[in-house]
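For the sequence shown, counting from 1, position 68 maps to 70 in the working numbering; every step adds exactly one. Notes follow the structure.
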Amino acid sequence: MKYDVRKLACVLCFFAACSAGVSPGEEDGPGGSGSGGEENAGGTNPGSGGRGGTAGRAGGAGGGSAKGGSAGSDAPDEPAGGSGGGLTSSGGMTGGGSSQGGAPPLPGPPPQGKSLFAHHHGFEPKFVEPPGSGMANIKRDFNAVGDGKADDTQAFKKAIEGDDPRTIFIPAGTYLIKSPLRYGEAAMKKKRVLLIGEQRSRTIIRLADKAAGFGNVNEPRVFIHTRASAQQAEQNMHMYIYHLTIEIGKDNPGAIALNFHTNNTGAIKDVAVRAADPVNHPGHVGVAFDDIWFGPGNARYLDIDGFRTGIRIGSAQNHTTLEHISVRHCETGLENTGYGVSIRNLQTFGCKRALKASGGLTVLVDSTFAEGPGGTAVELGEGRALLSDVNTSGYETAIDAKSGKVTGPKIGTWTSSPPTGSWPNTGRGPLNLPVQESPERQYPTDPTRYAVVGGSGDISQALQAAIDGGKETIYITGGNIEKTVELRNKVQKLMGLGVRTLNYKTGTTPVFRLGAGESEAVILELLYENYGSTSGVTVEQAAPRTVVFRHGSGSYRTAAGGKGGRVFIESIVGHPFLFDGVDAWVRDINTEMGGNDRANIVNTASKVWILGQKTEDYATKLATRDGGRTELLGGTYRQNWDAADGVNALIEGNPLFVIDNASASLSYVTWATHDGAPVYKYLVRERQGTETRNWVNTKNGGKGEGNEALYVGLEP
């Protein structure tokens, strides 16, 4: 992540939409739509076709709006949407799918108190500390008690403020804390910090009742903050929190339970944030993603209960991705004040308003807002928005936006401005590709099923021996990988613990190669590539199996034998990602690469679904070719370079997106961080048949902001 103080003055100015246009051939077209919400009544398409169904290709009938709705999209090879833009159905399991056509549907809301993770996957993760892992144990190494009575504040402060360890294990127990916990300067220098609880329902970090400094709602205070106060905010990389509960005791109305800050990648996974008495003693904010230069980062399987605002997003910088989120007992479920955010499966219960957005880009799909007290479910101000497959109940109005109101209760597809496209027959709605959930594995307890591998030298041979010896899970604690590791036999998961970085020294060959094996899926998690590593690619898929590349850094490509396989990319920073003949689901990807040799992400004859992308530097960021189909549900593209020799020429020729005899639907925002920065002249270059058309950034020469609630390019 690059940083320049000159950019600060421009951070909050990226909301303006670009004007764009097309004409046949390579000619530049005239300007198009204006800023979000400023179009006339025809500038919205409330109630258009739904996102699901079981068969067919036509979109659902319109309706579901006070204004009436437009007809649904007629995208080829996609399931029919429900009439009136309704939701589809419910259900799901580990490694399964979602509400969209061709995949198992999402489950309904979980019973109160049951985690979203367990509801989706059928089990609650229980982590067992493996011997020799190099982790710190909050009880063993820092003398925490965890009985809910003893004061464990100092134990936690020592753990999170020191230079080591990088992975802190918190055994089951209730840990009473009486003052704020904030990561220290030494902790920030190491980056890559993982707080991992034994089990979400049994590992509780609790702020004491009526804790000092948390009593004034007008002067809110953070309980747990993952950024040191003086640390450069753009270098706080790879922060993770797994499998625990953060609880706010009674009489703490000014408490912000968690201010989660991370850069490049970072995630909250399988976490509950709650007030001890959510009805009578709510806190102020459950989780805040609003510290300076936050992101990109994501939260998945997050349950929030008992705060005036469940989630607050406010740093106008990168991108936030949220999926499988529940919020109960709140005034506002989620508030976005000027940020790119991608949200899937947000469930709110009894909130005065479910979603409030006042800037940036908000993409919301597959969500349910229930038990409304009247009023409005979704309030939209400035900025762009795409909503699809949203079901409301108990509210008088589903959407209240500058362009008008939508009564609901069901929203099929709605955009804050008309969908755009380079051909007159496009602009009809997102592709609605089938969505599948990534596979998950329970942590092993039998030591014969796992191994711990690490060292200061080459660990390639030891890793391969563990795999070929039949180990299903391998924990990696550090070292070099100098030969390609073949993912075969029974192996199901490789997971980094306490890892500073791994040095990849495989030359032109891959670090990990997925070949034939007994397990349908292999998960690579919390593995970080050191700067200066040399390898052809991090993950090569050479068999039609399933690979999950989660929470780390690196790159991916499909080899010839891997066509027909499945790929899941989750919270990864790196480049490139070359998909060829596979089905891919990408959640929170950060591709930072300049140059003009190739796009950061290339979809060749694949189906690629993306929930959240952030990038920097100059290059084509996403190319879809040869009949491929790409659905981008939210991207933030920062143009943060200085005017240097060669950069202007690259930007002049390189479009942000390429669609080459293929199909793509794109929701995105671009912005330059300071005046005078070179910007993309072409936002989309689309070729269908032999004709090429450019979607032009008519703000080229200014700060170059370009926003599209929805651009659609469809192969004839």
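By construction, the Cβ of each residue, glycine as well, lies at the ideal position given by its N, Cα and C atoms. On a predicted model such as this, the values are computed, not experimentally measured, just so you know.
* Residue nearest to D585 in terms of C-alpha spacing, selected from R552, G567, F144 and A379 -> The option with the nearest alpha carbon to D585 is G567.
* On the three-state DSSP scale, how would you describe G706? -> Low per-residue confidence applies at G706: pLDDT is 45, beneath 50, and the placement is therefore not dependable enough to give any value.
* V365 bridges to which residues according to DSSP? -> According to the DSSP secondary-structure assignment, V365 is paired through a beta bridge with S344 and L388.
* Out of S344, P375 and A210, point me to the one whose CA is closest to L389's CA. => Ranking S344, P375 and A210 by Cα distance to L389 puts S344 first.
* **Buried or exposed (CB count within 10 angstroms, at least 16 for buried), Q543** => In this structure Q543 is buried. Its beta-carbon is surrounded by 16 or more other beta-carbon atoms within 10 angstroms.
* Looking only at C-alpha atoms, which of R451, G115, G285 and V549 sits nearest to A274? -> By alpha-carbon distance to A274, the top candidate from R451, G115, G285 and V549 is G115.
* Buried or exposed by the 16-neighbour rule on C-beta atoms within 10 Å, applied to V281 -> Exposed is the call here.
* To do: Could you tell me whether the Cβ atoms of P182 and R223 are closer together than 8 angstroms?
  => In this structure, P182 sits near R223, with a CB-CB distance shorter than 8 angstroms.
* Quick one, are the C-beta atoms of I162 and Y177 less than 8 angstroms apart? -> No, the Cβ-Cβ distance between I162 and Y177 is not below 8 angstroms.
* Asked: Three-state secondary structure (DSSP) at G564?
  -> G564 sits in a helix when the DSSP states are folded into three classes.
* Of the residues F371, V380 and L363, which one's Cα is nearest the Cα of H331? -> The option with the nearest alpha carbon to H331 is F371.
* Whether S573 touches T267 by CB criterion (8 angstroms) -> Going by beta carbons, S573 and T267 fall inside the 8 angstroms limit.
* **Separation of S135 from D253, as counted between CA atoms** => Cα-Cα distance, rounded: 40 angstroms.
* Per DSSP, what kind of secondary structure is G2 in: helix, strand or coil? -> Lying outside 3 to 718, the shown extent of the chain, residue 2 is not represented and no answer is given.
* Three or more beta-carbon pairs under 8 angstroms between the region 521–532 and the region 543–563, yes or no? -> Yes, since at least three Cβ pairs between the region 521–532 and the region 543–563 fall closer than 8 angstroms, the two stretches touch.
* Going by DSSP, name the residue or residues bridged to A666. => Looking at the DSSP assignment, A666 forms a beta bridge with T632 and G715.
* For K609, the nearest candidate out of G630, A213, T622 and A625 (CA to CA) -> The shortest Cα separation from K609 among G630, A213, T622 and A625 belongs to G630.
* Asked: When every heavy atom of the ligand FMN is checked, does at least one fall within less than 7 angstroms of the C-beta of A274?
  -> Among the ligands in the structure shown, none appear at all, so the ligand FMN cannot be discussed.
* To do: On a CA-only basis, which of S669, A359 and V569 is nearest V437? Give me that one, please.
  => Of S669, A359 and V569, the residue nearest in Cα terms is V569.
* Quick one: give me the first and last residue of the alpha helix (DSSP H) that E126 is part of. => No alpha helix (DSSP H) holds E126; DSSP gives it neither H nor E.
* Asked: Taking C-alpha atoms, which residue in P441, Q494, V513 and G385 lies nearest to Q463?
  -> For the residues P441, Q494, V513 and G385, the minimum Cα distance to Q463 belongs to V513.
* **Straight-line Cα distance separating R687 from Y558** => Cα-Cα distance, rounded: 24 angstroms.
* If you draw a straight line from the C-alpha of T536 to the C-alpha of T486, how long is it? -> If you take the alpha carbons of T536 and T486, they lie about 12 angstroms apart.
* Check the C-beta distance from K412 over to T399 and give it rounded, since I have them as a contact under 8 angstroms. => Not quite, the Cβ-Cβ distance comes to about 13 angstroms (not below 8 angstroms), so this is no contact.
* Asked: Under 8 angstroms between the Cβ atoms of R194 and L246?
  -> Their beta carbons are not under 8 angstroms apart, which means R194 does not touch L246 by this criterion.
* To do: Take the Cβ of S419 as the centre, count every other Cβ of all protein chains shown within 10 Å, and call the residue buried at 16 or more, exposed below.
  => The residue is buried, with at least 16 neighbouring Cβ atoms inside 10 Å.
* Residue-chain proximity (T694, chain C), Cβ-Cβ < 8 angstroms -> The structure shown contains no chain C; it is built from a single protein chain.
* Over what stretch of residues does the beta strand (DSSP E) that includes F171 continue unbroken? -> Counting along the chain, the unbroken beta strand (DSSP E) around F171 starts and ends at T169 to I172.
* Excluding the 5 residues preceding and the 5 following A711 in the sequence, name in chain order all residues of the same chain whose CB lies nearer than 8 angstroms to its CB. => G38, L363, R386, A387, L388, T417, S418, S419, P421 and S669, listed in sequence order.
* Could you name the residues that DSSP lists as bridge partners for S328? => S328 pairs with D305 and Q349.
* With distances taken from CA atoms, which of I327, H326 and N320 is nearest G340? -> Closest option to G340, Cα to Cα, is N320.
* **Rounded straight-line distance, which links the Cα of K473 to that of L336** => Those two C-alpha atoms are separated by around 42 angstroms.
* Rounded to a whole number of angstroms, what is the C-alpha to C-alpha distance between D662 and L516? -> Approximately 29 angstroms, taken between the alpha carbons.
* Residue span of the beta strand (DSSP E) that contains D585, given as start and end -> Start and end: D585 to E594.
* Cβ neighbours of R627 in the same chain (closer than 6 angstroms, five flanking residues each side left out) -> These residues qualify, in order along the chain: T606, D662 and A664.
* **Backbone CA spacing between G352 and P446 [nearest angstrom]** => C-alpha separation (whole angstroms): 38 angstroms.
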